[in-house]
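Working notes, structure below.
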Amino acid sequence: SQQGEEDPQALSIQEGENATMNCSYKTSINNLQWYRQNSGRGLVHLILIRSNEREKHSGRLRVTLDTSKKSSSLLITASRAADTASYFCATDASTSYDKVIFGPGTSLSVIP
Amino acid sequence: DVKVTQSSRYLVKRTGEKVFLECVQDMDHENMFWYRQDPGLGLRLIYFSYDVKMKEKGDIPEGYSVSREKKERFSLILESASTNQTSMYLCASRPWGGALDGAEAFFGQGTRLTVV
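Protein sequence lines, in the order shown, are assigned to chains A and B. All residue numbers for the first sequence refer to this note's numbering, where the first residue is 1 and numbers rise by one. All residue numbers for the second sequence refer to this note's numbering, where the first residue is 1 and numbers rise by one.
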């Protein structure tokens, strides 16, 4: 019963370009979060957007949320080789304790 | 620095062995989670615990059990390891009410388990 699903599964871009990743989910949520995972490591929290917000910025990150379409997008502007990682969206279902449910992730490669 | 520590980065076990994966957090969080990560499948929730001695099944609990005797420690147990349990295992913690507050989950570095 995965909640979030990312699209595309893999993305390869040149350094300096923007990277956009999308996430869709199935049930109503309180919050949606994006995490990053460097190869073979644990996940690190990037940004959170609440269900009553439509857009949020943090540095080179921009997240949007459309609750009517049950979707979110993560934009990384002016990408760098160090942005190469996997990115996961995670949702807090509004009815199930404090569980955090992750999608399958998008693997981003930024080519120098 | 806040920390979630998993006892091993790499582990190799034999089929049929009982395997213990340990996770300790130093943030006094009520909620702790065990996920399994496989290519193309993302992170799948095995079990989570919202208090000492309390546990809830996640999406894929079969073949696993958990133990939470102390608030800071959450153990994942493979009762009889099988080759299809070869995977990356990730532990995470989060404060109570995190779903409402939007609190982030903190992750350990992961344990790559190989069952041969």
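From the three backbone atoms N, C-alpha and C, an ideal C-beta is built for every residue, glycine too.
Stretch-stretch touch, CB-based, cutoff 8 Å, three pairs: the region 69–79 of chain B with the region 43–58 of chain B: Yes: the two stretches touch, three or more of their Cβ pairs being nearer than 8 Å.
Straight-line gap, A:L32 to A:I49 (C-alpha atoms, nearest Å): Numbered from its first residue, the first sequence carries residue 32 of chain A at position 32. Numbered from its first residue, the first sequence carries residue 49 of chain A at position 49. Approximately 5 Å, taken between the alpha carbons.
Endpoints, the beta strand (DSSP E) within which A:H57 is located: Working through the first sequence from its first residue, we reach residue 57 of chain A at position 57. Segment 55–58, the beta strand (DSSP E) holding A:H57.
Length at least 4, wholly inside the region 67–113 of chain B: the alpha helix (DSSP H) runs in chain order: Every alpha helix (DSSP H) of 4 residues or more that sits fully in the region 67–113 of chain B is shown, in chain order, as 98–101.
Boundaries of the beta strand (DSSP E) in which A:A10 is found, first to last residue: The residue you call residue 10 of chain A lines up with position 10 of the first sequence. Where A:A10 is concerned, the enclosing beta strand (DSSP E) stretches over 10–14.
A:N52, enclosing beta strand (DSSP E) - first and last residue: Along the first sequence, one-based indexing puts residue 52 of chain A at 52. Going by DSSP, A:N52 is part of no beta strand (DSSP E) at all; its letter is neither H nor E.
Close beta carbons around B:M88, own chain, < 6 Å, minus the five adjacent residues each side: Numbered from 1 along the second sequence, position 88 holds the residue referred to as residue 88 of chain B. So the list reads Q37, G110, R112, once near-sequence residues are dropped.
Contacting residues, own chain, Cβ-Cβ under 6 Å from B:E22 (five flanking each side not counted): Taking the second sequence and counting its residues from 1, the one referred to as residue 22 of chain B is at position 22. Cβ within range, chain order: S7, S75.
Ordered list of beta strand (DSSP E) runs contained in the region 77–109 of chain A, each at least 3 residues: Runs of the beta strand (DSSP E) inside the region 77–109 of chain A: 85–93.
Under 8 Å (Cβ pairs) to chain E, residues found in the region 51–68 of chain B: Annotation note: the requested chain E is absent from the structure, which comprises protein chains A and B.
Chain-ordered chain B contacts of A:K99 [CB-CB under 7 Å]: Counting from one through the first sequence, the residue named residue 99 of chain A turns up at place 99. Those within 7 Å of A:K99 in chain B are L45, F48.
Simplified DSSP assignment, three categories, for B:H121: Since the first and last residues shown for chain B are 1 and 116, residue 121 of chain B lies out of range.
Euclidean distance between Cα positions of B:Y64 and B:E79: By one-based count along the second sequence, residue 64 of chain B stands at place 64. By one-based count along the second sequence, residue 79 of chain B stands at place 79. Cα to Cα, B:Y64 sits roughly 6 Å from B:E79.
Residues bridged to B:Y64 [DSSP beta-bridge criterion]: Along the second sequence, one-based indexing puts residue 64 of chain B at 64. DSSP lists B:L78 as partners of B:Y64.
A:A85 and A:Q37 closer than 8 Å at C-beta: Numbered from its first residue, the first sequence carries residue 85 of chain A at position 85. Numbered from its first residue, the first sequence carries residue 37 of chain A at position 37. In this structure, A:A85 lies near A:Q37, with their beta-carbon atoms less than 8 Å apart.
CB contact check: A:P8 to chain B, cutoff 8 Å: Looking up residue 8 of chain A in the first sequence gives position 8. Taking Cβ atoms only, chain B never reaches closer than 8 Å to A:P8, which makes this a no.
B:H29 classed as buried or exposed, judged by whether at least 16 other C-beta atoms fall within 10 angstroms: Looking up residue 29 of chain B in the second sequence gives position 29. Under this definition B:H29 is a buried residue.
Partner residues on chain B for A:R50, Cβ-Cβ distance less than 9 Å: On the first sequence, residue 50 of chain A is found 50 positions in, with the first residue counted as 1. Within 9 Å Cβ-Cβ: G102.
Assigned exposure category for B:V115 - 16 Cβ within 10 Å defines buried: Along the second sequence, read from residue 1 onward, the residue named residue 115 of chain B stands at position 115. Counting other Cβ atoms within 10 Å of its Cβ, B:V115 reaches 16 or more and is therefore classed as buried.
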